[in-house]
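Quick mapping for you: the protein sequence lines, in order, are chains A and B. Numbers 1 to 325, taken from full-length UniProt numbering, label the letters of the first sequence in order. Numbers 1 to 437, taken from full-length UniProt numbering, label the letters of the second sequence in order. Glycine residues also receive a C-beta, built at the ideal position from the N, C-alpha and C atoms. As the structure is a prediction and not an experimental result, all values here were calculated from the model. Notes to accompany the following structure.
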Amino acid sequence: MADTATLVRGAPATPAPPTPSRRKWPKLKFGPYLLILPTLAVIGLLLFWPMIQIGIMAFQKVGTRQLRGEPAENVGTQNFTTIFADDEFWLSLQHTLYFAVVAVGATMLVGTLVGLLLNRLGKRMSTFVAGGVMIAWATPPITAAIIFTWLFGTTGGLVNWVLDRLPDWLVGGGWLDYNWFGTPLSTYTVLTICVVWQSFPFVAVSVLAGLRSVPGELYEAAKVDGSSPWRTFWSVTFPLLRPIFMVLLVLSIIWDFKVFTQLFIMSGLANRDAFNLSLYAYSEAFGSLSPKLGVGSAISAVLTVILLVVTAVYVRYMVRQGETA
Amino acid sequence: MKLVRFTRIAALGAAIALAVTACGSDDGGSAGKGSSAAPAPDPATLTVWQMGSGSPEQTAFLDGVEKEFKQKHPKTDVVIKYVPWPDVATTFQKASAGGEGPDVTEVGNTDVQSHIALEDFADITDMVNAWPEGKDLNKGALANDQSNGKTYAVPWYGGVRGIWYRKDWFQELGIQIPTTWDQLTAAAQKIQQAKHIPGIGAPSDQTNALVSFIWADGGDVAVKDGEKWVGKLDQPQALDAVNYYTGLVTQSKVAPTKYIGKNELQGPQQDFALGQLGMYIDGSWAYPQLEKISKANSTKWGTFPIPGKTGGLAPVFSGGSDLAVWNASKNKQVAFDYITVLNSKKNAAQFADTLKFLPQFDDVLKSDKYTKDPLMGAFAQATAAGVKFTPTSAGWAEFEQSKKVLPNAVKSIMQGQSAAEVLKKANEQANELLNAS
């Protein structure tokens, strides 16, 4: 992309007649493709190849013997019938879906609000706040998960301590020994807070970037017309930033669907009632000394298909957007 | 400009990709070196895997072992690699798939049968029989390393669980060492009332302690009937024992709900060390860890064996590590020679002492050194009374580590589900998973 632009722009500068520049085109036909080749090779090696492998293994029985070199046995759709017959699969799927809906909603809401705030703030304060929230974004998930496990822990956990100090009529009593990771609902409450805390900064900064590109006259006009901030947001800001919101929404859905690290740290394998699809796949594939990569692949394949559907909807929307624009 | 930046990024990407693959091939190379000098009787290096992250004491001990080993094999250098416990499953998975394994490895005793089924370990029956000190190895522990009459590993160090308590509180409240389950509950109740802290910890993810209660009641998880494992979790004995254990949380309420979904290291250990929990179940090896958390009360800690239901001692699960020769090793005899040095009676006892474990030789265990020790005495006593193993089926790893059937069953019972129904389901899973090939 980048080089064709410069070359095309560079062409008229040469004193040659206009036709040669057109004749140059066939030569450049493969230029762009050559340039994306290294990226494609790396992505192909690190992403597509494993994905193809997963697609194949989902229909095979793959354990240690097969990894050692014995030919893998084809089992048809048996891996899929196994997981579809397993109550834990449906429970995990349910958790994954509910969590994605809540976490994506909260991420978009908090991110947009902080983005709007950043736009209102002065230059210095805005940099300060943006820097602050970016730290949360830059924190590795495993670190964040451990910190949140400590915060919500029973021995020396800050959250339980604070809740216990608060008056009982406000929050109820007996918080000191409250086990946040004992039931799925409370586990996912902590998980949602942790994941949203880490993912809203990206939304906030992206929204901010979008807001900076909106011409100020539009807001002035809205003000003159006596529009409320609520109305201004939905009639001016949102329609203009719709493409950005769409990208953020789809990315958030993809990210929140495959949350693994945080849940693995917080409740781990001993709490199967709080599994999501990623953890379920991990426990089947790598949980014990004798791996069952076939079943694990089948679960991953289901997760991938769901995400492909989400992406397809998004791409369709983008293409339509392109047509009308 | 843009083009330059792009090529840089592409180059970086390619470099990362190369680095990733380079790491992979490097591993294979170095591991291969150890075994490629095969035909010569003494290889240049012998690769030994140790589980855990290691400690200065352990390294010093292993240096001493290497010196002794070199008297017999002066040309062989011993290369130690520490495998942290959380990485054990994946590291072994890779080793048994790619063949880049060690020559000698330590292995958690519950994993031995799975490894045998995967043909990871060499058959060392003849070598063990020819080893003079091998005759005193604890028979029960050795049985866990055997399959179809062949020996694939030797026990190295082991430990059993007991109940940690506060000597000062027992004295102050006039509590005798409990010898029955009712007394145990009563003791916990007394502490709870007087000290306003939970009386005992009963985490749901502690199968190795739970089985003691099941065995003490005459029950079992599963027993082998001919070639087949038959689940016994739906039997009244197992039900009664699980009811007692979960009842500590739900009925007598002497154990807190905050440990539901956790293991003994995710709360009980810290709380006990900090004086916020009356009793908890753990092994002798917990002592160094407890001291690390808080030394303030360390002189007041005591231990007693898990009591039987109406008296006597509960059979205990023997946790610990064994030593095996990796099947792909090209130097099996040299590897076993190293094991005989590492696990000589003298070295085994020395190493077990530093870890607060027990060596696995009967005559050593019966010596005064262990039976008269104030802290280790309870554990030596329990060991002498009889250790048992969880089902020695290759499917146990799947049942306990991957599916965590019992921890999840205990959890749901503690949260109000019917014990009979949950155990019936767990038993079906035992029947299925323990017999899966």
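TODO: Output, in chain order, the set of chain B residues within a Cβ distance shorter than 9 Å of T192(A).
DONE: Residues of chain B passing the Cβ test: none, with the nearest at roughly 18 Å.
**Asked** Does the beta carbon of M318(A) sit closer than 8 Å to a beta carbon anywhere in chain B?
**Response** no
Spatial neighbours of F260(A) in its chain, beta-carbon cut-off 6 Å, leaving aside the 5 residues before and after: S278
Checklist line | E49(B) - partner residues in DSSP beta bridges | finding: The identity of residue 49(B) in the sequence shown is Trp, whereas the question assumes Glu. DSSP, once it has assigned bridges, lists K81(B) and T105(B) as partnering W49(B).
Exercise. Hey, is D111(B)'s beta-carbon within less than 8 Å of any beta-carbon in chain A?
Worked result: yes
By the three-class DSSP mapping on this structure, what secondary structure does A296(B) have?
coil
What are the uninterrupted segments assigned as beta strand (DSSP E) that are 3 or more residues long and contained completely in the region 247-284 of chain B, given in chain order?
280-283
Could you give the first and the last residue of the continuous alpha helix (DSSP H) run that contains D225(A)?
Looking at the DSSP string, D225(A) is not in any alpha helix (DSSP H), and its letter there is neither H nor E.
Rounded distance between the beta-carbons of D103(B) and A335(B), thought under 8 Å: 4 Å
Check your understanding: What does D177(A) reach in chain B if we use C-beta pairs closer than 9 Å?
Key -> P198, P256, T257 and K258
Take the Cβ of D217(B) as the centre, count every other Cβ of all protein chains shown within 10 Å, and call the residue buried at 16 or more, exposed below. buried
message: Is the separation between the beta-carbon of F379(B) and that of T303(B) shorter than 8 Å?
response: yes
* With respect to 7 Å, is the separation between the Cβ of V42(A) and the closest non-hydrogen atom of the ligand FAD below this value? -> The model depicted lacks the ligand FAD and carries no ligand whatsoever.
Nearest by alpha-carbon distance to D282(B): which of K425(B), T257(B), A394(B) and P203(B) is it? P203(B)
**OP:** Starting from the C-beta of K388(B), find all residues in its chain whose C-beta is less than 8 Å away, skip the five residues before and the five after it, and write them out in chain order.
**Re:** G140, V211, W215, P315, V316, F317 and S318
* Per-residue DSSP class, three states only, for Q381(B) -> helix
Fill in: Any chain A beta carbon closer than 8 Å to Q270(B)
yes
Any beta carbon of chain A sitting closer than 8 Å to that of P407(B)?
yes
Is it right to say K411(B) is buried, meaning 16 or more other beta carbons lie within 10 angstroms of its own, or is it exposed?
buried
### Message
Less than 8 Å between CB atoms is the rule here; does R272(A) satisfy it with respect to chain B?
### Response
yes
DSSP state of D234(B) mapped onto helix, strand, coil: coil
Selection from D368(B), S114(B) and H73(B) that minimises the alpha carbon distance to D145(B): S114(B)
Closer than 8 Å is the cut-off here; do at least three beta carbon pairs connect the region 78-86 of chain B with the region 51-61 of chain B? yes
**Asked** Residues of chain A with a CB under 8 Å from the CB of D205(B): which are they?
**Response** A270
As assigned by DSSP and simplified to three states, the class of V211(B):
helix
Note down, in chain order, all residues in the region 74-95 of chain B with a beta-carbon under 9 Å from any beta-carbon belonging to chain A.
-> V88, A89, T90, F92, Q93 and K94
Along chain A, in chain order, which residues have C-beta atoms closer than 9 Å to that of A397(B)? G287, S288, L289 and S290
Run through the DSSP bridge pairs and tell me what E73(A) is partnered with. K61(A)
When the distance is taken between beta carbons, is S147(B) closer than 8 Å to I124(B)?
-> no
In chain A, which residues lie less than 8 Å from N138(B) when you measure between Cβ atoms?
Those within 8 Å of N138(B) in chain A number zero; the least Cβ separation is about 24 Å.
Should P291(A) and Q93(B) be called a contact, given that it needs their Cβ atoms to be closer than 8 Å? yes
TODO: Answer yes or no: does any C-beta atom of chain A fall closer than 8 Å to that of G267(B)?
DONE: yes
Where G210(A) sits in the DSSP three-state scheme: helix
- Quick one: which chain A residues come within Cβ less than 7 Å of K404(B)? L269, A270 and R272
Can you grab the Cα-Cα spacing for the pair N243(B) / Q415(B), in whole Å?
12 Å
**Study point:** Collapsed DSSP secondary structure at P155(B) in the structure displayed
**Key:** strand
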